[in-house]
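Asks:
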Amino acid sequence: MTDSDNTLERLSHQRRPPLRVGIIGGGMSGICMACKLLEAIPNVQLTLFELNDQLGGTWYTHRYPGVACDSPSHLYSFWFSPNSGFKSKFASGSENLGYLQSVAARHDLDRFVRYETEVISAHWDKEESLWSCEVRDLSITIEAEKTETLDFDVL
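Residue numbers for the sequence shown follow full-length UniProt numbering, so the first one is 1 and each next one is one higher.
1. Three or more C-beta pairs under 8 Å: does that hold for the segment 64 to 84 against the segment 26 to 39?
2. Once you ignore the five residues that flank V103 on each side, which residues in its own chain have a CB closer than 8 Å to its CB?
3. With 16 as the cutoff for other CB atoms within 10 Å, does E143 come out buried or exposed?
4. Could you name the residues that DSSP lists as bridge partners for C133?
5. Within 8 Å, do at least three Cβ pairs link the segment 63 to 78 to the segment 94 to 109?
6. Closest to F49 by C-alpha separation, out of R136, L138, R114 and I41, would be which residue?
7. Taking the straight line between their C-alpha atoms, what separation do you get for L8 and L46?
8. Answer yes or no: do E148 and L51 have a C-beta to C-beta separation smaller than 8 Å?
9. For L109 versus M28, is the C-beta spacing smaller than 8 Å?
10. Can you give me the C-alpha to C-alpha distance between E128 and L55, rounded to a whole angstrom?
11. Inspect the beta-carbon positions of G57 and C133 and report whether they are closer than 8 Å.
12. Provide the residue(s) that pair with Q45 in DSSP beta bridges, ordered along the chain.
13. Can you name the start and end residues of the alpha helix (DSSP H) that S94 belongs to?
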């Protein structure tokens, strides 16, 4: 490939509309997906839907006494953001929550998150080649303004 071929390929990528990606859930998988997408696709239009008012998934939802990871703690961290600071072999729920939230903060994910938002339905529109996603904003009290439909290339 010549330099001019590289330039043409680069320009064609720059002129494409941004990829619209929706992620459902701000737990471990959602946080990982958001971090890696932002790294791989610089102009991605990312929306992460989180039912709760904070990220953390099961570690945010289940906060009862004694909750802990049943896998060794060092296995419960991302390869791109390892955590060597776990206090025990099986980290507590609050430690896991803190770790996930710190990774999200380091990657500035908050700007992409729609908190207190429930995904009601999602269906693939074959004609338009996109995902149509109906969501409900749980923080709004006026019923008529609670739901909206959003379109994504990837969901």
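Where is the CB? At the ideal position from N, CA and C, for every residue including glycine.
Replies: The structure says:
1. yes
2. I31, C35, F78 and S81
3. exposed
4. A122 and L150
5. yes
6. R114
7. Residue placement at L8 is poorly supported in this model, since its pLDDT is 47, which falls under 50; the coordinates still yield a value, given next. Each residue's alpha carbon lies about 26 Å from the other.
8. no
9. no
10. 32 Å
11. no
12. R20
13. G93 to R106
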